[in-house]
Amino acid sequence: MEEIVNKRSAITVQIGLNANNLPLEMHWSADDGGIKNAPAKAMMLSLWNPEDNNTMKIDLWTKDMSIEEMKQFFHQTLLTMADTFEKATGETLISEDLRDYCYHFAEKMDIMPEK
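Mapping of the sequence shown onto the working numbering: position 10 corresponds to residue -7, and the numbering continues sequentially without gaps.
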């Protein structure tokens, strides 16, 4: 039996560009999450295209995002990807390997949290 879509939800991202099409500002909204016009400095959007069996990506960051912020952004994104992969596939061992790499990444980038 085919499921029926009962509701639709939208997440929107507004990008303010300069004359050279470089992002100066970003804001996003998710009505179902109660988020309205929240600021952001970077985003990574990955969409799976089943027809091409390929990932389509949009990676953007504002020119005022610092390198330190980018290091944190990548570290946190990689950790979240490990959690998501484990939840979606049940592949615990490889997810732990990815978390181990995230620890290595944080150490190499000198962004380890204070104890």
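Backbone N, C-alpha and C define an ideal beta-carbon position, used for all residues, glycine too.
Margin query: Using 8 Å for Cβ pairs, my map puts residue 28 next to residue 41. What's the rounded Cβ distance?
Written below: With a Cβ gap of about 4 Å, residue 28 and residue 41 count as contacting.
- Query: Do the CB positions of residue 69 and residue 75 come within less than 8 Å of each other?
  - Reply: In this structure, residue 75 lies closer than 8 Å to residue 69 by Cβ.
Subject >> Per-residue burial, residue 9 [other beta carbons within 10 Å of its own, 16 or more giving buried] >> reply: Classification of residue 9: buried, given that the 10 Å Cβ count is 16 or more.
**Message:** Once DSSP output is grouped into helix, strand and coil, what is the label at residue -13?
**Reply:** Here residue -13 sits in coil by DSSP.
message = For residue 96, tell me which candidate among 55, 44 and 49 has the shortest Cα-Cα distance.
response = Ranking the options by Cα distance to residue 96, first place goes to 55.
Just to confirm the assignment, what range does the alpha helix (DSSP H) spanning residue 65 have? 50 to 72 is the span of the alpha helix (DSSP H), which, as asked, contains residue 65.
Exercise for the section: Check the DSSP bridge columns for residue 40 and list the partner residues they point to. Expected result: In the DSSP output, where bridge partners are listed per residue, residue 40 has 29.
Problem set entry | Spatial neighbours of residue 66 in its chain, beta-carbon cut-off 8 Å, leaving aside the 5 residues before and after | Excluding residues within five positions, the ones whose Cβ falls inside 8 Å are 78.
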